[in-house]
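Visitor: Numbering-wise, the numbering used here comes out as the position in the sequence shown, counting from 1, plus 30.
Just so you know, even glycine gets a beta-carbon here, dropped at the ideal spot from N, CA and C.
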Amino acid sequence: YFRLKNLSQKEVRQKIKKFFSISAISKKDFKKIWDITRGASGHLWHILKFLKENNGTEIFRSTLHIASNIELPADISNYVIAKIDSLPSETRDIVLSASVLGEKFPHKLLSYMIENEKILPLPEEIFEISGENIRFRWEIFQQACYSMLTAQTKRRLHFSAVKAYKKMAAEESFFQKPGGANGKRGKLEENLKKFAQELAYHYERCGRWKSAFKYLLVAGDEQKRRWAYSAASEFYRRADEIATRMYHRWHNTVQLVDVLFKESEIFWNTGKYSEAMQINRRAARIAVKSKEISLLYGALMRIAVIFNNTGKITYAEKLYQKALKLLDELPENPRRKLQLMVNIGVIKSNLNRLSEGKEIFLQALSIAKKIGDSQTTASLLTNLGWIFEKQGKPHRAVKLHRLAMKMDRENNNILAEAEDLVNLAIALKGIGRIDDAIVSLERAKKLFEKIGDFVGLAFALNSMGEFLRENGDRVKILKIHRKALKLAKSAGEPFLVADVLLNIALDYIALKDMDRAKNYLKRAKQSAQKCNDMETVKKVEKIYEKI
Numbered sequence: 031y032f033r034l035k036n037l038s039q040k041e042v043r044q045k046i047k048k049f050f051s052i053s054a055i056s057k058k059d060f061k062k063i064w065d066i067t068r069g070a071s072g073h074l075w076h077i078l079k080f081l082k083e084n085n086g087t088e089i090f091r092s093t094l095h096i097a098s099n100i101e102l103p104a105d106i107s108n109y110v111i112a113k114i115d116s117l118p119s120e121t122r123d124i125v126l127s128a129s130v131l132g133e134k135f136p137h138k139l140l141s142y143m144i145e146n147e148k149i150l151p152l153p154e155e156i157f158e159i160s161g162e163n164i165r166f167r168w169e170i171f172q173q174a175c176y177s178m179l180t181a182q183t184k185r186r187l188h189f190s191a192v193k194a195y196k197k198m199a200a201e202e203s204f205f206q207k208p209g210g211a212n213g214k215r216g217k218l219e220e221n222l223k224k225f226a227q228e229l230a231y232h233y234e235r236c237g238r239w240k241s242a243f244k245y246l247l248v249a250g251d252e253q254k255r256r257w258a259y260s261a262a263s264e265f266y267r268r269a270d271e272i273a274t275r276m277y278h279r280w281h282n283t284v285q286l287v288d289v290l291f292k293e294s295e296i297f298w299n300t301g302k303y304s305e306a307m308q309i310n311r312r313a314a315r316i317a318v319k320s321k322e323i324s325l326l327y328g329a330l331m332r333i334a335v336i337f338n339n340t341g342k343i344t345y346a347e348k349l350y351q352k353a354l355k356l357l358d359e360l361p362e363n364p365r366r367k368l369q370l371m372v373n374i375g376v377i378k379s380n381l382n383r384l385s386e387g388k389e390i391f392l393q394a395l396s397i398a399k400k401i402g403d404s405q406t407t408a409s410l411l412t413n414l415g416w417i418f419e420k421q422g423k424p425h426r427a428v429k430l431h432r433l434a435m436k437m438d439r440e441n442n443n444i445l446a447e448a449e450d451l452v453n454l455a456i457a458l459k460g461i462g463r464i465d466d467a468i469v470s471l472e473r474a475k476k477l478f479e480k481i482g483d484f485v486g487l488a489f490a491l492n493s494m495g496e497f498l499r500e501n502g503d504r505v506k507i508l509k510i511h512r513k514a515l516k517l518a519k520s521a522g523e524p525f526l527v528a529d530v531l532l533n534i535a536l537d538y539i540a541l542k543d544m545d546r547a548k549n550y551l552k553r554a555k556q557s558a559q560k561c562n563d564m565e566t567v568k569k570v571e572k573i574y575e576k577i
């Protein structure tokens, strides 16, 4: 009869007429009811019941009036509380216990909680029963009931709710076939995880902080697995609050920093880099204070990655160097050291400190070979090839790219092999072997098409058109670059888009179509500025001056 959505004035008027079986209500008294309820159907229903039960209305000239001795309750909480107090004691206890479970809950959960499988008939004016679920008709019922409980009773009932959820989980695991080494206990733990959110809430409310912390992390991890980052962040935040509050009692730095790392990962995944930075700096301070070197290393690495990915690579390099020194104080872990050295080498190379980058890569190469990491070995050979190319040693670059390609093929790493072919083509062009470079790009193109890598395909086509420009069919080259542009745009790669636009502009210059060339130069500059690619911006400006 009444709905949860707020009613309009017209609908409220119709409800009043129908409830009292009258044709009209005085404007003054309608305004009183409207000002109190504002169309909230649950509130309206209680106001009308209040008037009826207290003989609070009178009819004058076919119009409903509120009796002069009646004062409408502005807040119906007291009215609801009075209603609940009037229930038989056993029914009242069940209603109050149910308020701990929230607005909606399974029938079985309430029966486990009150330890009585046969629940008394529940008052229909307070509850709706639908299948296996019970629901308070209105939120205010649940809130009013909960407000009637003492703090001690709330804690006791919340713990009873925990035990009820555990009974439900145990019942489910009983009917499941045991699997794995842990058998039914393993199934029980899995079933408890299904109720992680509810268990975390009830453990919080009854002050069982260690258990609350445990299930908040489980709930957060599950939401993160579902890509529900906002919900995951809230669970981690609550776990953070508990770990921070209990830190001096638990003396467990690992727990606190672990949840901080989880929080920072959510911020990172949602592009909130400043928040991720703030959380990781806090983790670093805690690690320093507690002299936990391993945790400090983890915090520094995360901060360095944020700096690196936000363009502050000099700051990232400093932190990577600090992290490298910390490794001397930790148990030997060559793989961790290898990855760190690769990161440092890449930054040095990007900063054009080629000799330093080469030295780091050679040290890393020695470690990679020693531990038999062929994938990283191939990657390091590629990086060294790039450095030799920049240093004007293309023949050495060709040799290294061929070695990397051979290793990636043996590892069945198709993407890396395709990228090696592109790098090899660039090195071959550097020694004037254009035809061999084109063959290498054609092979790369087929591999990129095979694995559906549109970015790699666009890059290969862009390079192919660039290599063919001197001796090839200019119209054909333009078509190749147009195809590369389409792929780069669909892949959302702004740096590549800017580079391809520049090449198309050069194609039009070769075709002596200066108007279109200027248009593409303008677009290339705009695209480069958006992604802060100042190298391409400078190239465009120089070409623009010449034409």
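Would you mind stating whether L532 and K513 have Cβ atoms separated by less than 7 Å?
Guide: No, these two residues do not count as a Cβ contact at 7 Å.
Visitor: Starting from the Cα of Y176, find the closest Cα among R235, E162, W416 and give me that residue.
Guide: Measuring from the Cα of Y176, the nearest candidate turns out to be R235.
Visitor: Using 10 angstroms around the beta-carbon of E359, count the other beta-carbons present and answer buried if the total reaches 16, otherwise exposed.
Guide: The residue is exposed, with fewer than 16 neighbouring Cβ atoms inside 10 Å.
Visitor: According to DSSP, is A211 part of a helix, a strand, or is it coil?
Guide: Note that A211 has pLDDT 44, beneath the 50 cutoff, so the model's placement of it is unreliable and the number below is only indicative. Residue state, collapsed to three classes: coil.
Visitor: Could you tell me the distance, in whole angstroms, from the CA atom of K568 to the CA atom of G341?
Guide: When rounded, the distance between both Cα atoms is 19 Å.
Visitor: Where do the ends of the beta strand (DSSP E) carrying S160 lie?
Guide: Segment 157-160, the beta strand (DSSP E) holding S160.
Visitor: What residue from I111, S379, K319 has the CA that sits closest to I156's CA?
Guide: Of I111, S379, K319, the residue nearest in Cα terms is I111.
Visitor: Report yes if the CB atom of E101 is closer than 7 Å to the CB atom of H137, and no otherwise.
Guide: Not in contact: E101 and H137 (Cβ atoms no closer than 7 Å).
Visitor: So K196 packs on L222, CB below 8 Å; how close in whole Å?
Guide: With a Cβ gap of about 7 Å, K196 and L222 count as contacting.
Visitor: If you draw a straight line from the C-alpha of I343 to the C-alpha of A467, how long is it?
Guide: Approximately 32 Å between the Cα atoms of the pair.
Visitor: Inspect the CB distances between the stretch 85-99 and the stretch 126-144 and report whether three or more fall short of 8 Å.
Guide: No: fewer than three Cβ pairs fall under 8 Å.
Visitor: Relative to the C-alpha of L498, which candidate in K480, I534, K516, E479 has its C-alpha closest?
Guide: Checked all of K480, I534, K516, E479; the closest Cα to L498 is I534.
Visitor: Excluding five sequence neighbours on each side, which residues of the same chain lie with their C-beta closer than 8 Å to the C-beta of S38?
Guide: Around S38: G69.
Visitor: So the candidates are R365, S241, F337; which of them puts its Cα closest to the Cα of A398?
Guide: Ranking R365, S241, F337 by Cα distance to A398 puts R365 first.
Visitor: Have a look at V289, I539, L526 and flag the residue whose alpha-carbon is nearest the alpha-carbon of A554.
Guide: Nearest option by C-alpha distance: L526.
Visitor: Mapping the DSSP letters down to three states, classify T566 as helix, strand or coil.
Guide: Here T566 sits in helix by DSSP.
Visitor: Can you tell me the Cβ-Cβ gap for G415 and N453, rounded? I've got them flagged as a contact below 8 Å.
Guide: The Cβ separation is near 6 Å, so the contact holds.
Visitor: Between G486 and E449, how many whole angstroms is the CB-CB distance? I'm expecting something under 8 Å.
Guide: Confirmed, about 7 Å.
Visitor: By DSSP's criteria, I124 is part of a beta bridge. Which residues make up the other side?
Guide: Note: I124 sits in no beta bridge, so no partner.
Visitor: Which residue wins for smallest C-alpha separation from L471, given the options I89, I510, L433?
Guide: Ranking I89, I510, L433 by Cα distance to L471 puts I510 first.
Visitor: Can you tell me which residues form a DSSP beta bridge with M164?
Guide: The displayed chain sequence assigns Ile, not Met, to residue 164. DSSP lists F135, I159 as partners of I164.
Visitor: In this structure, how does DSSP classify F189 when only helix, strand and coil are distinguished?
Guide: Helix.
Visitor: Leaving out the 5 sequence neighbours to the left and right, which residues in its chain are closer than 8 Å to I272 when beta-carbon positions are compared?
Guide: E234, W239, A242, F243, L246.
Visitor: Kindly indicate which three-state DSSP category F90 falls into: helix, strand or coil?
Guide: In the structure shown, F90 sits in a strand (DSSP, three-state: E or B).
Visitor: Within a Cβ cutoff of 8 Å, which residues of the same chain sit near I481, ignoring the five residues on either side of it in sequence?
Guide: Taken in chain order, the residues that qualify are I444, L445, A448.
Visitor: Assuming I333 and N310 make a contact with CB atoms under 8 Å, what is their CB distance in whole Å?
Guide: Sure, about 5 Å apart at Cβ, within 8 Å.
Visitor: If you draw a straight line from the C-alpha of K57 to the C-alpha of W64, how long is it?
Guide: If I take the Cα positions, the gap works out to 10 Å.
Visitor: Taking all protein chains shown into account, do 16 or more other C-beta atoms lie within 10 angstroms of the C-beta of E571, making it buried, or fewer, making it exposed?
Guide: Exposed, because fewer than 16 other Cβ atoms sit within 10 Å of the Cβ of E571.
Visitor: Would you give the residue range spanned by the alpha helix (DSSP H) that W298 belongs to?
Guide: Looking at the DSSP string, the run of the alpha helix (DSSP H) that includes W298 is 283-299.
Visitor: Here's the rule I'm using: 16 or more other beta-carbon atoms within 10 Å means buried, otherwise exposed. How should H188 be labelled?
Guide: The residue in question, H188, is buried, as its Cβ has 16 or more Cβ neighbours within 10 Å.
Visitor: Compare the C-alpha of S294 against each of H425, I336, Y277 and name the closest.
Guide: Checking every option, the nearest Cα to that of S294 belongs to I336.
Visitor: Rounded to whole angstroms, what's the CA-CA distance from R325 to P361? Just pull it up for me.
Guide: Inspection of the sequence shows that residue 325 is occupied by Leu rather than by Arg. Looking at the two C-alpha atoms, the distance is approximately 13 Å.
Visitor: Please look up how many angstroms separate the CB atoms of L451 and M435, rounded, as I've assumed it's under 8 Å.
Guide: L451 to M435, Cβ: 6 Å. Contact.
Visitor: Return yes when the Cβ of A249 is within less than 7 Å of the Cβ of A230, no when it is not.
Guide: Going by C-beta atoms, A230 is nearer than 7 Å to A249.
Visitor: Do Y574 and L551 have their C-beta atoms within less than 7 Å of each other?
Guide: Cβ distance < 7 Å, so Y574 and L551 count as in contact.
Visitor: Classify K388: buried if its beta carbon has 16 or more other beta carbons within 10 angstroms, exposed otherwise.
Guide: K388 comes out buried.
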